[in-house]
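Student: Numbering (my numbering), first residue to last: 345 to 561. We put the CB at the ideal spot given by N, CA and C, even for glycine. Predicted model only: the values in this text are computed from it and were never measured.
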Amino acid sequence: TLGDHHPCLADGYSALGTCYRHQGDLARAEPLLKKALALYEVIFGADHPEVAYELTNLGLIALAERKTSLAQLSFERSLGLLEKKLGPGRPEVALVKLNLAVALLADGKHQRGEVLLEESLRIQQQFYPGGSPELADCHYWLAELEARRHHRVQAEQHYREAIQIRERTAGVSDPNLETVLRAYAKLLKGTRRPEARSIEHRANEIAAMQKAIPSGR
């Protein structure tokens, strides 16, 4: 049998907690991820990358629950650990920077959020020249910032990049694509652009497709 502090036990808690998080069952996910975090800290030490990954998972739960300050604390600690252990230019670091940026933006801290988004974007462009869903997210959030500032040209460029990358890496029916399309359509409506209607229609089609898919729960 496995001991109380065996890595496989921590891995099991982490895998199950992550599964629940992806299903949106945060109440079940959080205690499992906290157990995984505590075990990893005992087994590997407080500055191990596995600790950072669990902090990121817990930060995502806090962000989903709109506990932005708690999310920022988790992401900040995770970012510090990964930069120290893996180096500042790694894709794992870029992902945490993206998550931290989203938490900061939700808290109205736009200046630092933008800096982190730009840094995450540059790292991911180096590692994923063909794009990735996370790279699309960087473009989406930068578009949101530019739209807020009424920089319509820059916002449109980022929205288009986000859409193209999402279509290429996740498919034309990706549910996250719906969010980007609706935001882009809203921007175009603001300047009475006729293509806004067709883009919104695409978003509605994706939403209808997702409703038709059984949840499996």
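1) Let me know if Gln-468 comes out buried or exposed under the rule of 16 or more other beta-carbons within 10 Å of its beta-carbon.
2) Count the other CB atoms within 10 Å of the CB of Cys-352; is the residue buried (16 or more) or exposed (fewer)?
3) Here's a check: name, in chain order, each residue in its chain whose Cβ is nearer than 6 Å to the Cβ of Arg-561, leaving out the five neighbours to either side.
4) Could you check what DSSP says for Pro-473 in three-state terms: helix, strand or coil?
5) By the three-class DSSP mapping on this structure, what secondary structure does Arg-561 have?
6) Would you call the region 524-538 in contact with the region 497-516, where contact means no fewer than 3 C-beta pairs closer than 8 Å?
7) Distance check for Thr-400 and Ser-422, CA to CA, integer angstroms please.
8) Which residue wins for smallest C-alpha separation from Thr-513, given the options Gly-433, Leu-377, Gly-474, Arg-410?
9) Between the alpha carbons of Asp-355 and Ala-380, how many angstroms are there, rounded?
10) Put Ser-413 into one of helix, strand or coil per three-state DSSP.
11) Let me make sure I understand the geometry here. Which of Arg-537, Pro-375, Leu-442, Leu-417 has the alpha-carbon closest to that of Cys-482?
12) Quick one: Cα of Glu-544 to Cα of His-502, how far?
Tutor: Concretely, from the data shown:
1) buried
2) exposed
3) Bear in mind that a pLDDT of 45 at Arg-561, under 50, signals an unreliable position, so the number given afterwards is only what the model happens to contain. Cβ neighbours of Arg-561 beyond the five flanking positions: none.
4) coil
5) With a pLDDT of only 45 at Arg-561, under 50, the local geometry of the prediction cannot be trusted, and no value is derived from it.
6) yes
7) 6 Å
8) Gly-474
9) 7 Å
10) helix
11) Leu-442
12) 17 Å
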